[in-house]
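Notes for the one structure printed next.
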Amino acid sequence: MAQLILCCDGAWTRPVPGAEAQPTNVARLHNALATLAADGTEQKRYYDPGVGAGLLGRVLKGGLGESLTGSVLNALKWLAETWQPGDRIFVFGGSRGAWTARTVAGVVASHGVLDAAQVPTQDELWRRLEALLDAARRQADPAPEVTPLRAAEVHFLGAWDTVGPRGVPRDLALAGKIDNPARLAFPDTTLSARVRHARHAVAMDETRPSFTPTLWTGLQGHPDAVQMWFAGAHGDVAGLTGEGGLADAALAWMMDEAVSQGLALRPRVRGRLVLDPRARIHRAASTALAGSRPRPVPRLDDPAAAFHPTVLERHIDPPLSEDAYWPTTVLAAGTSATLDIQAREPWNRTGLWLEAGRSYRFVAQGQWVDGALKCGPGGLADAGSQTSTPGQAISDAMARLQEGLRRATGDAHLSVPLLRRAPGLPWFSLVGVIASEPAFAKPKHSPGLETLALGADATVTPATSGYLYAFANDLWPSYGNNQRSVRLTVTAL
Numbered sequence: 001m002a003q004l005i006l007c008c009d010g011a012w013t014r015p016v017p018g019a020e021a022q023p024t025n026v027a028r029l030h031n032a033l034a035t036l037a038a039d040g041t042e043q044k045r046y047y048d049p050g051v052g053a054g055l056l057g058r059v060l061k062g063g064l065g066e067s068l069t070g071s072v073l074n075a076l077k078w079l080a081e082t083w084q085p086g087d088r089i090f091v092f093g094g095s096r097g098a099w100t101a102r103t104v105a106g107v108v109a110s111h112g113v114l115d116a117a118q119v120p121t122q123d124e125l126w127r128r129l130e131a132l133l134d135a136a137r138r139q140a141d142p143a144p145e146v147t148p149l150r151a152a153e154v155h156f157l158g159a160w161d162t163v164g165p166r167g168v169p170r171d172l173a174l175a176g177k178i179d180n181p182a183r184l185a186f187p188d189t190t191l192s193a194r195v196r197h198a199r200h201a202v203a204m205d206e207t208r209p210s211f212t213p214t215l216w217t218g219l220q221g222h223p224d225a226v227q228m229w230f231a232g233a234h235g236d237v238a239g240l241t242g243e244g245g246l247a248d249a250a251l252a253w254m255m256d257e258a259v260s261q262g263l264a265l266r267p268r269v270r271g272r273l274v275l276d277p278r279a280r281i282h283r284a285a286s287t288a289l290a291g292s293r294p295r296p297v298p299r300l301d302d303p304a305a306a307f308h309p310t311v312l313e314r315h316i317d318p319p320l321s322e323d324a325y326w327p328t329t330v331l332a333a334g335t336s337a338t339l340d341i342q343a344r345e346p347w348n349r350t351g352l353w354l355e356a357g358r359s360y361r362f363v364a365q366g367q368w369v370d371g372a373l374k375c376g377p378g379g380l381a382d383a384g385s386q387t388s389t390p391g392q393a394i395s396d397a398m399a400r401l402q403e404g405l406r407r408a409t410g411d412a413h414l415s416v417p418l419l420r421r422a423p424g425l426p427w428f429s430l431v432g433v434i435a436s437e438p439a440f441a442k443p444k445h446s447p448g449l450e451t452l453a454l455g456a457d458a459t460v461t462p463a464t465s466g467y468l469y470a471f472a473n474d475l476w477p478s479y480g481n482n483q484r485s486v487r488l489t490v491t492a493l
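Note that my numbering gives residue 198 to position 198 of the sequence shown, counting from 1, and the numbers run on in steps of one.
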């Protein structure tokens, strides 16, 4: 018997252009592996560097889907040539490599492992592997000639922050533009019971819209699966920044969980990690067109939620660079909270957790400024003699174009640039958004955000639970010329 450890990377990174590439958490875990387990079992390791370096060239030559599929096929080939009955399979992946790792684990769990020794030629082996992967994607039985298949299970699956609706960021995948989306689809986001132990480290502070977390679904009946939330953005948790601290916390947790299930590391490597809950978060700047988007994080004081201890330590004692880290207030019936909503802030984090099915009254007072235009929280429609700017008129026309294109194509998610953030609500009106609580049991890959029309006075009963954010309804590139704030009072009814 042997332990087979597959490490699927998303790419080593260069924090500064021209600097030496830095190893990710996947690479560091691979480097930490011992040759033998504690009981003398041999550990055979496999490492795939991923599709980071030369990404643009690979996309232009064949599409990102082809590059990612190649990583999956390479891993499946190694298993076909290496695995023997009784061997235990460990699979790890981070960032784009998490897509590879989860796909490999899904194929093994649903269809098994090919026996390369029984295949006459290398060309035939590749053909059968491609047919096997295609069958897994379609959730269908493989063709009769895809043999011999041997039933197997994955002993341990570890992933760092799988992102995007298909496991890769929208802005990297070019899915539906250059690539065939089916080539980037998971066989299934439901975690198979034939994956015995599964761990997913998820970042709390990533705000890029294309980096929504791809969570496992259907976990209620799984014997041992944990999706743990960590402080930091995607790069912090996956170890893409070239710094320790937050990355070390996510790596140490994954190491400890895997070691508890039989993985062996070289002596003393675990002790070299320095967990710093107050380390710098590498937040990516919002883009002029795509903006940003808060992740749907569970309530921080929910005892049933899985938060790493470093998250709670940072919450209790934040670094001096932060006023507070994920402040959380749940309003009881008849109680209120009052806060200022800044016009220049694209996401005013209120710290209020709204509960689905409970009614709340929102009353806002004051005046804020959009360039040369002034209005109250009701927006420019309530501003009397105020008129819209040429840019706003163009944006209104683009909103009508988007609606027409959605009807014509049937694609409810199709978007065009230069829209105000809530196209159906008045310009510069007060808007609320609930970063909806993740529903791990729902087969939905990209959690939605519930939009609330607040204005100057509104009573709302949210359909979902989550943290409340608020903003002035403006164009993403236009917040720099906004001024002043309105005062919002929220009362739980």
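Glycine is no exception: its CB is placed at the ideal position from the N, C-alpha and C atoms.
Note that the coordinates shown come from a computational prediction; the quantities given were computed from them, not determined experimentally.
Query, Result
"Chain-order list of residues whose beta-carbon lies under 8 Å from that of residue 10 (same chain, five-residue window excluded)", "24, 26, 50, 51, 52, 93, 94, 95, 96, 97, 98, 238 and 240"
"CB-CB length for residue 356 against residue 464, believed under 8 Å", "5 Å"
"Whole-angstrom distance between residue 305 and residue 493, CA atom to CA atom", "26 Å"
"CA-to-CA distance, residue 450 to residue 162, given in whole angstroms", "23 Å"
"Residue 472 beta carbon less than 8 Å from that of residue 368", "yes"
"Under the three-state DSSP convention, the category residue 41 falls into", "coil"
"Exposure label - residue 335; buried when at least 16 CB within 10 Å", "exposed"
"Three-state class that DSSP yields for residue 47 in the structure shown", "strand"
"In DSSP terms, what residue 163 is bridged to", "213"
"Ordered list of alpha helix (DSSP H) runs contained in the segment 218 to 280, each at least 4 residues", "234 to 238 and 246 to 259"
"Residue 261 and residue 155 closer than 8 Å at C-beta", "yes"
"Residue 197 - partner residues in DSSP beta bridges", "156"
"Test item: CB-CB of residue 488 and residue 338 under 8 Å", "yes"
"Cβ-based neighbour list, residue 381, same chain, cut-off 8 Å, excluding 5 preceding and 5 following", "426, 427 and 429"
"Residue nearest to residue 195 in terms of C-alpha spacing, selected from 85, 117, 103 and 406", "103"
"Exposure of residue 177, with buried meaning 16 or more beta-carbon neighbours within 10 Å", "Bear in mind that a pLDDT of 43 at residue 177, under 50, signals an unreliable position, so the model cannot answer this."
"Stretch pair the segment 114 to 129 + the segment 142 to 153: three plus CB contacts closer than 8 Å", "yes"
"C-beta atoms of residue 293 and residue 209 nearer than 8 Å", "yes"
"Which listed residue (469, 422, 374 and 279) has its alpha carbon closest to that of residue 484", "374"
"Cut-off 6 Å between Cβ atoms - residues of its own chain near residue 279, not counting five sequence neighbours on either side", "245 and 246"
"For residue 158 and residue 254, believed in contact at Cβ under 8 Å, the rounded distance", "5 Å"
"Residues bridged to residue 487 (per DSSP)", "340 and 365"
"Residue 4 vs residue 89 beta-carbon contact at 8 Å", "yes"
"Nonlocal neighbours in the same chain, by C-beta distance under 6 Å from residue 108, ignoring five residues either side", "152 and 154"
"Of the listed residues 87, 200 and 75, nearest to residue 126 (C-alpha basis)", "75"
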